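Notes follow the structure.
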Amino acid sequence: MPPRRVADRSPASAVELNSGSGKHSSDEEMMFGETLRKKGSSPIKYGGRNKPSSGHSPRAGRALVDSRLVTPCKRALDSSTSNDEDDLTLSPLSSLPPSPSSTKNMRSLSSINGSTSGLSFTNREKPWDLDQLGDYVWVLISLKGRAFDPKNSSSKKGEFIWWPAKVATTTIKQIEANVYGSLSSSNSTSVDIKSPCADNILSFLNYNGKPRFEEPNFHYPETAPQSPRKKRKHGDDIKKRWREAVSMAISQKQEEDYDGLPPIELAFSAGSLLASSITPRSVSSPKHKGKGKASRKPFPDNVSDIDDGEDADQDEPERAESPPPVDDRLNIPGEGVLCKDSESRLVQTFWPARIQEYTVIERKRGKTKVKEGRYKVMFLDGTEQDVPRDWFYADHQDEFATCRIGKFRSDFVENPDDEDSDQEDRSVQSKSTTRHRSPVPKPLDSLPSDTGFTGLTIHEQFCYTKPVLQAILNEGYEPARSRHGRFMKGGPARKSLSNEAGLRGRMDPRDVSAIGKYIKEWCLRDLDQKKNEDVAKSPLKDETCEDDAKNVPNVDITPNEVESSPNRNSPVPTELPSSPAPMPPSSFAVTPEPEIDEKTEPVETGHSMPTGDQERAPGQTGCPAYEALSTLEKLGYCTDVLLPETVIQLLLWRNGKRTSIELLSDEEENALHERGLELARETDWVFDIMRMRAMHEKRLAKAEMKQQQLQQSTSSS
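Under this note's numbering, the first residue of the sequence shown is numbered 4, with each subsequent residue one higher.
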């Protein structure tokens, strides 16, 4: 019964509410707006006194005032029969959807504490259950797209809003959902809800089958809201996007869950009416030019009654044609594409680019405002442009492999096998390095001021990593102990290292190959020496050496023959002293001067080069676990443990993150190592795009070849 009707009853009725004696049966429970006495019963039975039905005594007047104070309160059905006056102090329900008239109060007064979101559940609203949320939900997110986490105090700062979303994946501890629309043009469509509960995620429909929120519902946990003027401006700006998001969610829910025939509760909800009204109005053109600012109402009171008057015309600019949705096949940000820029759009030349974000712009087309989607892309030279969708091709399109690519220059080689000449030169240099042990350069006291570390040769750069590598061999380098231990453990743990050894960041793969050779040369000199000794003692080799001795060229041999002789497949003569990298015999020299035997032309300049006994220095000695490895296992250790760590150290040196050749404290080394891992995980995105294009070209070529073969077989038959 409405409160006003309760107040119009006789004064005795108010007294009866507060002075009723005795307990009543369950069929006498008080309903909202009713008194405790049965219909038709006299006041004497429940009031305790027989008061006149007319007249206004002071006592009756006070009773009338009390009845006006308690009757406006709402309360769920309760079987309590307490006669205390405190029982009539009822709390308002908060689970019902907010009405348009009360939304303003909710914006300014709603807040979140650590245990509740301001939404309670009545006996009609089922308790919150993760399994009963469904696919369509409301998530409490910040204006930057961050989900509210009640267990994280740092996430409670700022302004939050209940936003429609669709669940993608669900676990006990986390839910990943895709929000509809966008809070701003730069927000991602995906949001992770950690510690899902009633404070941050709710079912889309309430207990009566209607959308839980029909107006934007803001929350300001643990912080005071902004000034009313600033907040009102922000609310007007976001309200439109919120309505569009709700419309999208309702439309999709009607199609997927109800096959376009939603139940009557959802069909006649304000959000459903808004969803059905956006499509026809978005394609209609205005008949008259609006003279005033468009009216912004949360939801239309009666969508079907909108006429063609001036009010409808004022809404036309606000309901401009919606832009095409963002391509969900694109991974934004970071998707690699081939895009044309404003200068090459006429000649149809495409360049490697990366998509940064998706934006929406509003343009005037005649008298109508039209919204258009734009993708902000960054080209390989660092310039950025906003382009439409038809200006670029992604790897799922055939044009990605067939479009015309503009020319660009780069010294980076993604696949060293494609560079036959360079690979051949490296091979010759590698053999020369193995046969003629090149002197080891020493680190400089100070790096060159003009070029820095990158101005050194790769062999010189490698020398700066030796202290770290020596510490790894002796289990003295904290960041690499895990990698070292996994290799020594063997089995699947060692195999997993092989899968991780390919990280090289933006380092040239030719440099990585050269570093691998330097590591084995530096670490396994003893193995080379032992191998040479075994070769020298072989009977078969002795016979070969005797035959070769008869064909030793004279002193007047041509220089070309001299240079090519050490690279032949003939074995080393037995009379030569054993060494990790034996020098050619003195008879191979062009001139008889002894200086040729004693000195070796340095390969790299700018450093003092050790000679003699220093060239024959033994291999590196490691911890007992390393020394117990077989020869083959030591080679694997160089590839799977030392090489990745060397790459990390070189990336740190090249990027200026490491400046000390000596080892630092464990904390500092761990921090540097983490930064080095980040650099190693980076890739050159331009060549990633070109590699994807090459793969796409091969796939299309195979498909075309199969098609030709099929046509030939069909024509021949």
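Quick reminder that beta carbons are idealized off the backbone N, C-alpha and C, glycines included. Quick caveat, the model's predicted, so the values are computed rather than measured.
Compute the beta-carbon to beta-carbon distance between residue i and residue j, rounded to the nearest angstrom, for a pair I have assumed lies under 8 Å.
i, j, result
"A397", "E481", "Rounded, the Cβ-Cβ distance is 43 Å, inconsistent with contact."
"L682", "L654", "4 Å"
"G679", "I651", "4 Å"
"P647", "L476", "14 Å between Cβ atoms; not a contact."
"V350", "F395", "Not confirmed; about 15 Å, so no contact."
"N675", "A474", "Per the sequence presented here, residue 675 reads as Leu, with Asn not at that position. Wrong, their Cβ atoms sit about 13 Å apart, outside the cutoff."
"F221", "E258", "F221 to E258, Cβ: 29 Å. No contact."
"G622", "R528", "4 Å"
"R486", "L500", "6 Å"
Could you work out which residue in the options is closest to residue i when comparing CA atoms only?
i, options, result
"F207", "E247, E259, I253", "I253"
"F411", "P355, V373, A697, K492", "P355"
"A697", "A404, M510, G622, F382", "A404"
"E365", "Q359, I358, R357, K374", "K374"
"S633", "Y467, T468, F490", "F490"
"F382", "W394, I461, K492, C342", "C342"
"E636", "I358, A171, C526, Y361", "C526"
"L146", "Y223, D134, Y261", "Y223"
"D260", "P219, N220, G212", "G212"
"Q359", "V380, P130, S345, L703", "V380"
"A517", "I461, F216, P219, S668", "I461"
"K154", "K701, A201, S668", "A201"
"K469", "E685, Q715, T352, S663", "S663"
"P328", "K372, T192, G376", "G376"
"A150", "D132, F465, L186", "L186"
"P214", "P495, W166, H699, F456", "W166"
"E346", "H399, K367, R368, G409", "G409"
"A504", "F690, Q710, T649", "T649"
"D134", "P495, Q464, I692, T173", "T173"
"E387", "T457, S718, K492, D344", "D344"
"P336", "N502, L713, T192", "T192"
"A631", "K701, K492, M695", "K492"
"T457", "P495, D514, N502, E128", "D514"
"Q464", "T686, R661, K367", "R661"
"H699", "E670, T717, N502, H399", "H399"
Are residue i and residue j close, meaning C-beta to C-beta below 9 Å?
i, j, result
"D330", "R392", "yes"
"I164", "L136", "no"
"A168", "Y210", "no"
"I241", "W141", "no"
"E478", "A248", "no"
"W688", "R484", "no"
"D401", "L703", "yes"
"G148", "V170", "no"
"R407", "T362", "no"
Report whether the distance from the Cβ of residue i to the nearest heavy atom of the ligand ZN is below 8 Å.
i, result
"D331", "Only the bare structure without any ligand can be found here, which leaves the ligand ZN out of the picture."
Should the stretch 520-530 be called in touch with the stretch 624-642, which here means at least 3 C-beta pairs below 8 Å?
By the C-beta criterion, the stretch 520-530 is judged to be in contact with the stretch 624-642, since at least 3 inter-stretch pairs fall below 8 Å.
Counting beta carbon pairs with one atom in the stretch 195-204 and one in the stretch 164-184, are three or more of them shorter than 8 Å?
The stretch 164-184 vs the stretch 195-204: in contact.
Can we say the stretch 650-669 touches the stretch 502-521, given the rule of at least three CB pairs closer than 8 Å?
yes
Whole alpha helix (DSSP H) elements within the stretch 635-668, 4-residue minimum
With a minimum length of 4 residues, the unbroken runs of alpha helix (DSSP H) contained wholly in the stretch 635-668 fall at 646-657.
Could I get the ranges of all uninterrupted alpha helix (DSSP H) runs contained in the stretch 675-703, with 4 residues as the minimum, in chain order?
For the stretch 675-703, not a single whole alpha helix (DSSP H) run of length 4 or above is found.
Ranges of the beta strand (DSSP E) found wholly within the stretch 143-225, counting only runs of at least 3
163-173, 177-182, 193-197, 204-206
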